[in-house]
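Engineer: Each residue of the sequence shown is one higher than the last, beginning at 765 in the working numbering.
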Amino acid sequence: MKKFLADLGPCTAIIGAQWGDEGKGKVTDILGEHFDVIARACGGANAGHTIVVGGKKHVFHLLPAGCLHEGKPVVLGSGMVIHLPTLLEEIETLKKAGVHLLDRLFISGSAHILFEFHKKIDAVMEERRGAEGIGTTKRGIGPAYMDKAARSGIRMEQLTGDLRKVLTEKAKDVKIMYGIDVDIDAELAALKTAEHVLKHAIISLLPDFLREFIEKKKTILIEGAQAVLLDLDHGSYPYVTSSQTTAAGALQGLGLPPKILSSCIGVAKAYCTRVGSGNFLTEDTGEAGERLRERGGEYGSTTGRPRRTGWLHLPHLQYGAFINGFSAINLTKLDVLDTEKEIPVGVGVDTNGKVIYEKLAGWQTSTRSITEFGKLPKAAQDYVLFIEKKIGVPVRLIGTGQGREEIIVR
Ligand code: IMP
């Protein structure tokens, strides 16, 4: 671990290499301990990671998984869209578990506020799309970013102002465009509650705030949200989220210069899952896919939806490695494959658009809780080495179970 940590340098980004849900939370939690500042850059409550606090499981949507490390500043970046009641709930959950966040939480004043009406618009837009629906999390993400891009959004820095007038104007547009009645009083009441709790956490210029840490030689861990293939620009559009999910996007979302990034860990499951609609070339809708879902507990932590399951597609990982400049891969949930006789891996696509698979031998023995690469069965080692060779990036972390300690570090 020591060598691995030394290789990371002062600023590390953790980025999903597939369609999200790769298990980024676990690695941020493990690495968070060794960094001075924990930051989330983009996205909103569409993300979901399960964290165990005081022996109890909690699902967090806005706070980075690394927030559990007492005393460390936690930053919510300018690229985020923040649903304030959700944030307050998460802070309260932590408080009940004895983790105090308020005196070390810093929210960019440029982050946008996501309102209840954004969620309603999300639902109406999905309904209008009918069979071509994106399968959004219905957390209002797209509509909040629509307001941001139209320059008609409301930002955290406005939380302490009087927003009745601007919300009344907004409500008129929302009614005309979507037939939705905005409950202005309820929205304002939620803002008031949030203002009371959060006003001291709002930072007017996040880049200046972070620069001070950097000048003091403090280290920063950036927890990416969603994943490369859901990126608004580089993902499988239109079946993507509405924010930037790459390392560059994360730096932009925090206002950090690209040159500061010293390492980037791409997180990929040892197989593949997707929630929502869109292409999934290596999807397995048969028995094996069902097995992956059950063994891997593949149900959405935000929506509870069963995830679509399938096999690794190496061209996707190569694509993500290039875009993000992965310096290491964290392959998660290797143990989910323990019962497979044969493991197909997508290595390319033929001229008819069909996936070309290579079939690797399974190991059919438990890898659960193994913490040394040399102790993995030979076929499991070969599986990892095959992936590493094809992507051209070292697989330095391998997950072998849910627990914090169930990981191999190479
Ligand atoms: P939205 O971000 O709610 O607009 O959803 C757009 C697409 O991104 C849908 O296919 C969602 O299922 C997917 N998505 C958004 N956030 C996550 C995530 O954290 N994990 C996995 N998929 C996500």
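For each residue, glycine too, the CB sits at the ideal point set by N, CA and C.
Here the structure is a predicted model, which is why all the values come from computation and not from measurement.
What number of angstroms, rounded off, separates the C-alpha of Asp1099 from the C-alpha of Trp1075?
Structural biologist: Your numbering for residue 1099 matches position 335 in the sequence shown. Your numbering for residue 1075 matches position 311 in the sequence shown. Straight-line Cα distance between these residues: approximately 14 Å.
Engineer: Rounded C-beta distance between Gly789 and Thr814? I'm assuming under 8 Å.
Structural biologist: Locating residue 789 in the sequence shown gives position 25, counting from the first residue. Locating residue 814 in the sequence shown gives position 50, counting from the first residue. Indeed they touch by this definition, with Cβ atoms about 7 Å apart.
Engineer: Just list the residues that DSSP pairs Gly843 with in beta bridges.
Structural biologist: For the purposes of this step, residue 843 is identified with residue 79 of the sequence shown, where counting begins at 1. DSSP, once it has assigned bridges, lists Cys806 as partnering Gly843.
Engineer: What does DSSP give as the partner residue(s) for Thr814 in the beta ladder?
Structural biologist: Along the sequence shown, one-based indexing puts residue 814 at 50. In DSSP, Thr814 forms a bridge with Val823.
Engineer: Which residue or residues does DSSP assign as beta-bridge partners of Phe870?
Structural biologist: Residue numbering aside, residue 870 sits at position 106 when the sequence shown is read from its first letter. Phe870 is bridged to Val839.
Engineer: Which complete alpha helix (DSSP H) runs does the stretch 916-948 hold, if anything under 4 residues is left out?
Structural biologist: Within the stretch 916-948, the complete alpha helix (DSSP H) runs of at least 4 residues are 928-942.
Engineer: Given the structure, does Asp785 come close to the ligand IMP, in the sense that its CB is under 7 Å from one of the ligand's heavy atoms?
Structural biologist: Against the sequence shown, residue 785 aligns to sequence position 21. At least one heavy atom of the ligand IMP is nearer than 7 Å to the Cβ of Asp785, so yes.
Engineer: Answer yes or no: do Phe977 and Val801 have a C-beta to C-beta separation smaller than 8 Å?
Structural biologist: Counting from 1 along the sequence shown, the entry for residue 977 is found at position 213. Counting from 1 along the sequence shown, the entry for residue 801 is found at position 37. Yes.
Engineer: What's the call for His1077, buried or exposed, on a 16-neighbour Cβ count within 10 Å?
Structural biologist: To locate residue 1077, count along the sequence shown from 1; it is residue 313. Flag for His1077 reads buried.
Engineer: Is Ser1026 near the ligand IMP, in the sense that its beta carbon is under 7 Å from a heavy atom of that ligand?
Structural biologist: In the sequence shown, residue 1026 corresponds to position 262, counting from 1. Flag unset: Cβ of Ser1026 not near the ligand IMP.
Engineer: In the DSSP assignment, find the alpha helix (DSSP H) that holds Leu848 and state where it starts and stops.
Structural biologist: Residue numbering aside, residue 848 sits at position 84 when the sequence shown is read from its first letter. Segment 848-860, the alpha helix (DSSP H) holding Leu848.
Engineer: I want to check one thing, is the minimum distance from the CB of Gly897 to the heavy atoms of the ligand IMP below 7 Å?
Structural biologist: Numbered from 1 along the sequence shown, position 133 holds the residue referred to as residue 897. No, since every heavy atom of the ligand IMP falls outside the 7 Å radius drawn around the Cβ of Gly897.
Engineer: Can you give me the start and stop residues for the beta strand (DSSP E) that Val1119 sits inside?
Structural biologist: Residue 1119 sits at position 355 when you count from the first residue of the sequence shown. It spans 1119-1125 - the beta strand (DSSP E) in which Val1119 sits, taken as one unbroken run.
Engineer: Could you give the distance in angstroms between the alpha-carbon of Ile1172 and the alpha-carbon of Asp949?
Structural biologist: Counted from its first residue, the sequence shown places residue 1172 at position 408. Counted from its first residue, the sequence shown places residue 949 at position 185. Distance between the alpha carbons of Ile1172 and Asp949: 52 Å.
Engineer: Assess contact between the stretch 819-829 and the stretch 845-864, defined as three or more Cβ pairs (one per stretch) separated by less than 8 Å. Is contact present?
Structural biologist: In short, these stretches touch, since the Cβ pair count reaches three.
Engineer: Is any non-hydrogen atom of the ligand IMP found closer than 7 Å to the C-beta of Leu994, if you look at the structure I gave you?
Structural biologist: Here residue 994 is taken as the residue at index 230 of the sequence shown, counted from 1. At least one heavy atom of the ligand IMP is nearer than 7 Å to the Cβ of Leu994, so yes.
Engineer: What do you get for Gly1117, buried or exposed, if any count of 16 or more other CB atoms within 10 angstroms of its CB means buried?
Structural biologist: Against the sequence shown, residue 1117 aligns to sequence position 353. Flag for Gly1117 reads exposed.
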